[in-house]
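For reference, the structure is listed below as structure tokens.
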Ligand code: PEP
Ligand code: MN
């Protein structure tokens with residue numbers, strides 16, 4: 104994918120500064136939109152104002168957005184505060200309306216990203232248009248669906264692309280409204296290193312309590328921006344009331360976040376020294392594992408010749424018990440030790456199983472054994 108740097112989408116974004124997007128879940132009234140924007144502009148360093156105009160609601164009968172008359176309110180925000188503005192589009196007609204009203208950035212919501220027909224319709228409607236498009240992750244933890252949506256926009260000639268990580272539907276009660284599954288966002292970054300990723304702590308958290316914790320984690324993972332729902336009067340919000348903060352609360356959150364840099368003048372050299380140590384330790388770990396595998400081959404062969412069972416439960420319990428104590432005495436996390444032992448044991452059983460089931464004539468005499 105051909106991707107332009109985030110700074111080129113938002114000209115007032117200083118180098119190295121995470122992009123801050125703030126604004127209400129939904130545009131409700133002109134006064135609510137404008138007053139929220141005024142206070143965001145006055146108290147915070149946000150670069151981009153958000154407000155949902157068309158709201159894809161899970162069940163009918165909920166507030167489904169104010170519709171296109173809200174776009175004029177976003178234009179008023181631009182004029183009065185100088186903030187750039189963004190909104191969610193879910194079909195080609197929304198794109199057409201948004202472009203008529205000089206919306207600066209559009210985003211595709213989680214429910215829409217889950218439907219390739221809708222994504223393609225929006226991507227087709229953007230052919231020949233230059234507008235940044237931010238793509239939320241789909242509702243379900245499907246990296247390919249997320250990548251596929253980004254690729255559809257890229258194929259339509261949109262190169263000002265960013266991903267928004269808003270978490271995944273949890274199927275059961277969890278601490279957060281949506282499970283972050285950070286590894287999926289990290290994998291997206293690994294596949295597309297130039298693609299900016301913005302964190303949406305509001306939709307992950309579902310509640311204002313957890314916003315700072317999630318935002319800090321995203322910054323620590325080198326995310327490129329934050330989208331935080333902000334409302335002049337959250338308790339009266341028509342959608343997502345529990346997760347919205349006031350502009351002053353947003354200011355407080357942003358002031359307490361630690362903005363780290365990817366590297367500094369000395370970090371390359373210092374990290375290289377530590378990484379050399381890690382490289383050498385990893386090499387030793389692998390050599391030890393190879394020696395262990397060598398012994399397992401001998402045990403497997405012995406059990407086969409003597410018709411003994413592979414699984415010897417008491418021995419396995421003894422391994423877990425003694426290694427947990429060793430590990431604990433060495434200051435290691437017991438869950439980490441147990442997870443490693445599980446893997447090592449599974450591999451050991453697999454190797455012995457293979458040995459038991461190989462005909463004697465095909466058994467290779469020179470199985471790698473310890474040096
Ligand atoms: C939103 O940003 O208000 C929204 C509807 O988000 P999502 O698509 O992540 O549910
Ligand atoms: Mn919302």
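In the working numbering, the protein residues as written are 104 to 474.
The beta-carbon is built from N, C-alpha and C at its ideal position, and this holds for glycine as well.
Check	Outcome
Which of helix, strand or coil DSSP assigns to residue 390	helix
C-beta contact flag for residue 298 and residue 246 at 8 Å	no
Residue span of the alpha helix (DSSP H) that contains residue 61, given as start and end	Lying before the first or after the last residue shown, residue 61 is absent from the chain, which here runs from 104 to 474.
Classification of residue 309 by the beta-carbon crowding that lies within 10 angstroms, buried from 16 upward	buried
beta-carbon residue 197 near ligand 2 non-hydrogen atom, thresh 7 Å	no
heavy atom of ligand 3 below 7 Å from residue 134 C-beta	No copy of ligand 3 appears in this structure; the ligands present are ligand 1 and ligand 2.
Heavy atoms of ligand 2 versus C-beta positions, residues under 5 Å	128, 343
Cα-Cα separation between residue 147 and residue 333, rounded to whole angstroms	11 Å
Coarse secondary structure for residue 220, derived from DSSP in three states	helix
Secondary structure of residue 128, DSSP reduced to three states	coil
Backbone CA spacing between residue 375 and residue 179 [nearest angstrom]	51 Å
Contact belief for residue 229 with residue 198 at Cβ below 8 Å, rounded distance in angstroms	6 Å
Distance between residue 342 and residue 156 (C-alpha atoms, nearest Å)	12 Å
Residue 262 in three-state terms, based on DSSP	coil
Cβ contact (3+ pairs, closer than 8 Å) linking the stretch 160–178 and the stretch 352–372	no
As assigned by DSSP and simplified to three states, the class of residue 122	strand
Contact test: residue 191 Cβ vs ligand 1 heavy atom, cutoff 7 Å	yes
Cβ neighbours of residue 227 in the same chain (closer than 8 Å, five flanking residues each side left out)	195, 259
Paired residues, beta bridge with residue 239 - DSSP	267
The beta strand (DSSP E) enclosing residue 152, as first and last residue numbers	151–153
Residue 305, buried or exposed, once every other Cβ within 10 Å from all chains shown has been counted against 16	buried
Selected residue, minimal CA-CA separation from residue 251, among 272, 218, 232, 301	218
Same chain, Cβ closer than 7 Å to residue 437, five either side skipped, listed in chain order	427, 430, 431
Boundaries of the beta strand (DSSP E) in which residue 364 is found, first to last residue	Careful: residue 364 lies outside any beta strand (DSSP E) and carries neither H nor E.
Bridge partners - residue 302, DSSP secondary structure assignment	268, 329
Residue 191 - containing beta strand (DSSP E), residue span	187–191
Residue 232 (DSSP reduced to helix, strand or coil)	coil
Three or more C-beta pairs below 8 Å linking the stretch 386–406 and the stretch 442–461	yes
Of the residues 408, 190, 174, 357, the one placed nearest residue 460, counting alpha carbons only	408
Contact check, residue 138 vs residue 174, beta carbons under 8 Å	no
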